[in-house]
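K.L.:
Let me begin by handing over the structure; questions about it come next.
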Amino acid sequence: MSESRQPALAPMQRDDLPVEVVSALRRSYSVGDWLSWERTPKGSSNVSFFVTTSSGRYVLRRSNPRKSAAAISFEVRLVDYLRKRGYPAPEVIKTRSGEGYAEHDGTLYVMTSFIPGSSYDPESPGHLLAAGRGLGLYHRLANDFSGPYVYRTMPDFTVIQPSIRHLAEIERLAGRSLNDKERRCLEDAFTCIRSQLIRVHRGMTESYRSLSKLVIQGSYGRSALIFDGDALVGVVDYDRATFEIRAIDLAYTVKAFCRIHDQQSGEYRVGLDYERCRELMTAYQEVEALPKRELQALPLIFRGQRLLKVLNKCENFLRKNAIVPQETKDVRKLATMAEREAVRVRWLEEHSGDLVAVLAD
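Structure representation (C-alpha cells):
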C-alpha cells in the first residue's frame, strides 16, 4: 500500500506520539499499518508505547535524550546475543535499513516484539525463584559477552567533597524554612549521611578491585519480568546495561524483590525480608556460583545506593532552587526523605553481618 493510501492515524492523546513522528517511524519500520498506540504504564528514564499494527503488537521506546546512538547499538547487540543463547529477551525489530534503532529529529527510538504474559506476583513463591534463576542465567551468559562496551557512569564514591558541600548548602537553605525541631532532625540526618559517605567510600575503595565485572543488566527488578504461570518468559529493560561489578546488579535485585512491604500503606518499611533474600540467592546459585567476597560486599553497596538517592535528590533540589526558589513544602519533603534514608543506612550498617549470613547461607 502506498504512503498516500495508508489508513488514517489514530488521534494524538496526551503524552502520545505526535502524528509526524508516527509517520516517520512508519516509513522506518516494515511492520505494516500502524493502527493504534498507547503509552505503557511504567517507565521513568524513557517513555515507551504499546503499538498495534496490521502485523502484530510491539513495544516502542523513545529514548532519553542523553542516550547516544553508540549506547543503543551496544544494548541491541547485547539483546541479540542473549536471544541467540535462548535467554527470554525481546526481539529487537530492525529498521528497513537493518539498524537496531530509528532516529527522527534527533530523538532515538527502539522497537521490540511484544511479549504476552503476566506481571511479577510478589505473593508467588514460584515467581521469586524464577527471578533468581533468571538473573543467574543472565550473569552466566553476560560473563562471556565480548566488548567493545559502552560505559554508564556509576557511583563509586571516590569524590565525596562535592556531595558534602551539597548537604551543607541544603542545611543553609533549610534554616530559612524549617522550624527548630525540623532543622535539628535534618541536621541529625545529614550528620549520619556524611559519616556514612566517608565509611562507604572507604569500604568501596578497599573492596572494589577484588569484585568480578561483567555487563550488568542494570534494571533487573519486578517490572522487567514477564511470566506465563510460574515460567519466566520475558526479561526486558536493558537500557541501563553497562560493564560494572556484578554486586551492583545483585544489590539492585535483592532490594527490588526482598524489601519489606506494608500491605496497608503500600510503602516499603526499613529492612529486608531475610527469608526472601535466602530463597532468591539460593535460586540464583542453582544457575551461577557466587564468590563469598561478592556476597560480603552487598550490604556496603546497599548503603551506597541509599546514599546515592539522597545525593541525587539534593543535587536536583539545588539545581531547581538556582532557577526558581523552592517553597517550604519542597524543603520539608526533601528533609523527610533524608531522615528516612538515614534510618535505612543505619539499619543496613547495623545488620550487615546478619545480611551476609543470610545471603551466603
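Residue 16 in my numbering sits at position 34 of the sequence shown; the count goes up by one each step and never skips. Don't be surprised by glycine CBs; every beta carbon is placed ideally from N, CA and C.
Taking its Cβ as the centre, do 16 or more other Cβ atoms sit within 10 Å of V1, making it buried, or is it exposed?
P.N.:
It is exposed - the Cβ of V1 has fewer than 16 other Cβ atoms within 10 Å.
K.L.:
Where do the ends of the beta strand (DSSP E) carrying K66 lie?
P.N.:
Segment 51 to 66 is the alpha helix (DSSP H) holding K66; no beta strand (DSSP E) there.
K.L.:
Below 7 Å CB to CB, which residues in the same chain sit around S145 once its five sequence neighbours on both sides are set aside?
P.N.:
For S145, where only same-chain residues beyond five positions count, the Cβ hits under 7 Å are L179, L293.
K.L.:
Just to confirm the assignment: which complete beta strand (DSSP E) runs, minimum length 3, are found wholly within the segment 243 to 308?
P.N.:
With a minimum length of 3 residues, the continuous beta strand (DSSP E) runs that stay inside the segment 243 to 308 are 250 to 254.
K.L.:
Following the continuous alpha helix (DSSP H) through F239, name the residue where it begins and the one where it ends.
P.N.:
Start and end: 228 to 240.
K.L.:
Measure the beta-carbon distance from I283 to A229 and round it to whole angstroms, keeping in mind my assumption that it falls under 8 Å.
P.N.:
Right, their Cβ atoms sit about 5 Å apart.
K.L.:
When DSSP labels each residue in this structure, what does E2 get in the three-state scheme?
P.N.:
Helix at E2.
K.L.:
With DSSP as the reference, please indicate the residues paired to A213 in a beta bridge.
P.N.:
The partner list for A213 (beta bridge, DSSP) reads D210.
K.L.:
If you run the structure through DSSP and keep just helix, strand and coil, what is G129?
P.N.:
Coil, per DSSP.
K.L.:
Would you call the CB atoms of A113 and Y120 closer than 8 Å?
P.N.:
Taking 8 Å as the Cβ cut-off, A113 and Y120 do not qualify as a contacting pair.
K.L.:
Can you check DSSP and say which residues form a bridge with F31?
P.N.:
In the DSSP output, where bridge partners are listed per residue, F31 has R21, L42.
K.L.:
Out of L254, E332, I175, S189, which has the shortest C-alpha to C-alpha gap to Q278?
P.N.:
Of the candidates L254, E332, I175, S189, the one whose C-alpha sits nearest the C-alpha of Q278 is S189.
K.L.:
Tell me which residue opens and which closes the alpha helix (DSSP H) that S95 is part of.
P.N.:
S95 -> not in any alpha helix (DSSP H); beta strand (DSSP E) instead, spanning 89 to 95.
K.L.:
Determine the DSSP secondary structure at T173, reduced to helix, strand or coil.
P.N.:
If DSSP states are grouped into helix, strand and coil, T173 belongs with the helices.
K.L.:
Starting from E85 and walking both ways along the beta strand (DSSP E), at which residues does that stretch end?
P.N.:
84 to 86 is the span of the beta strand (DSSP E), which, as asked, contains E85.
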